[in-house]
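All remarks here apply to the structure that follows.
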Amino acid sequence: MSEVAREWPSWLNRTKSAAQALIDFVQRCDLVDLIGVLTLFMVLIFPFPHWLFYITGDLALLLFLVYPRAIRSALFWFVLSLAATFVVIVDWHAVDNHKYLFLYWLWILCFCHLLAEPPRQRHILLVNARFFLCFVFLASAAQKFASPTYRSGEMFEYYLYADSRFTAFAKLIGIDPSVPDAVQKRIALFRSPYSKPIDNELELPGTDRARVAALILTWWDAALQLLIGMMLLFRLRATDQAAHVLLLLFIFTTYLPAPVFGFGWILAIMGLTLAKQNFPKIAAVYMIAFVAIIFYQLPWREWVLAT
Amino acid sequence: MRISPGSYDWRSALVICIPVVALLVAGRQVYLSRYHDLTTWKGGGMGMFAGADLWLNRYTKIFIVDSSGQRQPISDFTADQADLLRRALNYPIRQNFLIVARAIGKHDWIPRGERRQVSLVDFNGKKIGTTGESLYWIAPFGIRAPGEKWKWKLEIEYWKVSYNPLTRRAHTTLAETFVFKPEEL
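Line by line, the protein sequences are chains X and B.
Using my numbering, read the first sequence as starting at 2 and increasing by one per residue.
Using my numbering, read the second sequence as starting at 28 and increasing by one per residue.
What follows is the structure, given as structure tokens:
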């Protein structure tokens, strides 16, 4: 049988080579080391907002740079975990939920390195990555479905208007910035002690487009999270593969409009942990997700609003 | 990779230790959200974007109450006070607002300018009259001298905003009023 010679464009060949190189690189890396480095990176770029953690993280990075094997020490992760625990306890009701997830992951790495045998170390990471991904998505979906303000679309619609971080995203989906601006000015009348709305009620100058967008976001988000959590419960190859595709879709699409980058990063770490051995191509895409999360921090909102 | 039953030891418990803690913390968060108005966005649950109860839906009106019962609103806050206030709104219990009240009590406050009429506004935000009440604009004026006693009551009204997407009407409700006596500050 003769093969038909196909000439691919050179850029495509280079892209395919680079992709294969990335896949090979991820496969060659030791799981525990790779996850340790990615977590240490998160300690530096998405730290707990407290001087104690900043200093501890900086010292940890310095130690890693001069003595890379330190990252395999349980003591290394214990100190970071302890600093994070202190910050969370002191400020527990002001700490975002995803910071708790980060805290738990730091302790998991500490416990992982308490175990000498690499198979046990990998086991602790795999078990906990799966548990926390299931927990995060199923608990989140449950809280969403249980919330009347979520189910009605109130949450997303109100935040499209009232949260200035969503103004640029709203503009991208066709909601002019003057709409959220007008709504925020109207809401300010509630907060001012020098104005009293009749019956404590005000009409917000919203739009049908925002309403529709909110409903789509509401059910898309809840359904996607429920699916990811459920797919990971079965521990079958096919459902795991589907879960990873959905999780990557979630990461790539959620953290552009929603600036909770640390959450995306920790989800990508957990996804990579699960995918590395069995799905090398998917594991490579998780590495691209990390890069995407970094780029999502570009000041694109200012650029969009300036146009 | 599984650990065979024969090799279970105390270190095997490390595998489930953190998940157990996570479940307990999440359960606590759900309880506090349900019964003590902790926002679902904080505290260790997984309720981010699960409900409209972040600081955008909560606010306070803070008043200094003098000996004759006259209330004057505090509208300007220092950065620290504003931060404490936002934290208190995450978990609006008396203890957290007391921290805010004490931070306010550390400063002197003075009226700025003339009294302002409180406007009555309609559903469209248009002014249609006044309520008959007039209030000063109270702003901070330096740290109070140590030993100088705070003389007035402080009232913190905690309000919640809800939005009906069908009618496009936002409604605000006074959830609770916290009164702090001078001796507490």
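Ideal Cβ positions, reconstructed from N, Cα and C, are used throughout, including at glycine.
Inter-residue Cα distance where the pair is residue i and residue j
| i | j | result |
| --- | --- | --- |
| Asp135(B) | Asp103(B) | 12 Å |
| Lys176(B) | Lys133(B) | 10 Å |
| Val246(X) | Ile252(X) | 10 Å |
| Val310(X) | Lys277(X) | Missing from the structure shown is residue 310(X); chain X here goes from 2 to 308 and no further. |
| Ile126(B) | Gly230(X) | 40 Å |
| Phe90(B) | Leu102(X) | 39 Å |
| Met2(X) | Trp9(X) | Reliability fails at Met2(X), whose pLDDT of 44 lies under 50, so the model's placement of it is uncertain and the value that follows must be treated cautiously. If I take the Cα positions, the gap works out to 21 Å. |
| Lys208(B) | Gln97(B) | 15 Å |
| Cys135(X) | Leu212(B) | 46 Å |
| Val128(X) | Arg192(X) | 48 Å |
| Phe205(B) | Glu182(B) | 6 Å |
| Asp241(X) | Tyr68(X) | 37 Å |
| Glu184(B) | Tyr297(X) | 39 Å |
| Ala20(X) | Trp12(X) | 12 Å |
| Asp222(X) | Ala143(X) | 12 Å |
| Ile24(X) | Pro119(B) | 49 Å |
| Glu303(X) | Pro181(X) | 15 Å |
| Phe146(X) | Arg152(X) | 6 Å |
| Leu96(X) | Leu228(X) | According to the sequence shown, residue 96(X) is Val rather than Leu. Roughly 27 Å separates the two Cα atoms. |
| Thr194(B) | Glu204(X) | 8 Å |
| Leu126(X) | Leu66(X) | 24 Å |
| Tyr195(X) | Ser74(X) | 59 Å |
| Tyr256(X) | Pro178(X) | 21 Å |
| Tyr62(B) | Arg55(B) | 11 Å |
| Ile30(B) | Tyr190(B) | At Ile30(B) the pLDDT is 41, less than 50, meaning the model places this residue with poor confidence; the figure from the coordinates comes in the next sentence. Between Ile30(B) and Tyr190(B), the C-alpha separation is close to 52 Å. |
| Leu53(X) | Val88(X) | 8 Å |
| Val286(X) | Leu162(B) | 60 Å |
is_contact[residue i, chain X] using C-beta, thresh 8 Å
| i | result |
| --- | --- |
| Val127(B) | no |
| Ser95(B) | no |
| Val145(B) | yes |
| Lys180(B) | no |
| Pro100(B) | yes |
| Trp68(B) | yes |
| Ile45(B) | yes |
| Thr105(B) | no |
| Tyr62(B) | no |
| Tyr118(B) | yes |
DSSP beta-bridge partners of residue i
| i | result |
| --- | --- |
| Trp136(B) | Pro167(B) |
| Ser146(B) | Ser196(X) and Thr157(B) |
| Tyr58(B) | According to DSSP, Tyr58(B) bridges with nothing at all. |
| Gln99(B) | Ile91(B) |
| Trp186(B) | Tyr86(B) and Leu201(B) |
| Val67(X) | Beta-bridge pairing links Val67(X) to no other residue. |
Contact with chain B by residue i, beta-carbon distance below 8 Å
| i | result |
| --- | --- |
| Pro50(X) | no |
| Arg302(X) | no |
| Ile295(X) | no |
| Ser196(X) | yes |
| Ala214(X) | no |
| Trp9(X) | no |
| Gly207(X) | yes |
| Ile176(X) | no |
| Tyr101(X) | yes |
| Asp97(X) | yes |
| Phe251(X) | no |
| Phe191(X) | yes |
Residue of the options minimising C-alpha distance to residue i
| i | options | result |
| --- | --- | --- |
| Gly70(B) | Gln122(B), Arg114(B), Lys208(B) and Val42(B) | Arg114(B) |
| Val91(X) | Trp108(X), Pro50(X), Asn129(X) and Thr255(X) | Pro50(X) |
| Gly263(X) | Thr16(X), Ser18(X), Val33(X) and Leu41(X) | Leu41(X) |
| Phe168(B) | Ile131(B), Ser161(B) and Arg61(B) | Ile131(B) |
| Thr199(B) | Ser179(X), Pro198(X) and Trp301(X) | Pro198(X) |
| Thr158(B) | Asn151(B), Phe150(B), Val145(B) and Ala166(B) | Val145(B) |
| Pro260(X) | Pro300(X), Leu248(X) and Ala223(X) | Pro300(X) |
| Ile43(B) | Trp108(X), Ala163(X), Tyr162(X) and Gly265(X) | Trp108(X) |
| Asn98(X) | Ile267(X), Leu273(X), Leu161(X) and Ile283(X) | Ile267(X) |
| Gln236(X) | Val213(X), Trp220(X), Leu275(X) and Leu205(X) | Before going further, note that residue 236(X) is Arg rather than Gln in the sequence given. The candidate whose alpha carbon is nearest that of Arg236(X) is Leu275(X). |
| Ala170(X) | Val88(X), Leu225(X), Leu126(X) and Ala211(X) | A quick correction: the sequence has Phe, not Ala, at residue 170(X). If we check each option's Cα against that of Phe170(X), Ala211(X) comes out closest. |
| Lys153(B) | Ala243(X), Leu257(X) and Glu202(X) | Glu202(X) |
| Met232(X) | Lys172(X), Gly272(X) and Met43(X) | Gly272(X) |
| Leu62(X) | Phe77(X), Leu53(X) and Trp52(X) | Phe77(X) |
| Val184(X) | Leu60(X), Ser165(X) and Asp200(X) | Ser165(X) |
| Ser94(B) | Trp186(B), Arg196(B), Ala202(B) and Lys178(B) | Lys178(B) |
| Gly37(X) | His114(X), Ala284(X), Ala243(X) and Asp209(X) | His114(X) |
| Ala166(B) | Tyr58(B), Thr66(B), Ala106(B) and Val47(B) | Ala106(B) |
| Arg238(X) | Leu216(X), Phe280(X) and Thr219(X) | Phe280(X) |
**Prompt:** Listed from N- to C-terminal order along the chain, which residues in the region 148-163 of chain X have their beta-carbon within a distance smaller than 9 Å of any beta-carbon of chain B?
**Reply:** Ser148, Pro149, Thr150, Tyr151, Ser153, Gly154, Glu155, Met156, Phe157, Glu158, Tyr159, Tyr160, Tyr162 and Ala163
**Message:** Taking beta-carbon pairs under 8 Å, can you tell me which members of the region 260-288 of chain X lie near chain B?
**Reply:** Val261 and Phe264
**Contact residues within the region 145-173 of chain B, judged by C-beta distance below 7 Å to chain X** = Listed in sequence order: Val145, Ser146, Leu147, Val148, Asp149, Phe150, Asn151, Gly152, Thr158 and Leu162.
**Prompt:** What residues in the region 186-206 of chain B bring their beta carbon closer than 9 Å to a beta carbon of chain X?
**Reply:** Correct list: Trp186, Val188, Ser189, Tyr190, Asn191, Pro192, Leu193, Thr194, Arg195, Arg196, Ala197, His198, Thr199, Thr200 and Leu201.
**Contact list for the region 74-89 of chain B against chain X, Cβ threshold 9 Å** = Gly74, Met75, Phe76, Ala77, Gly78, Ala79, Asp80, Leu81, Leu83, Asn84, Tyr86, Thr87, Lys88 and Ile89
**Asked** When Cβ atoms are compared, which residues of the region 117-136 of chain X fall closer than 8 Å to chain B?
**Response** Pro120, Arg121, Arg123, His124, Ile125, Leu127, Val128, Asn129, Phe132, Phe133 and Phe136
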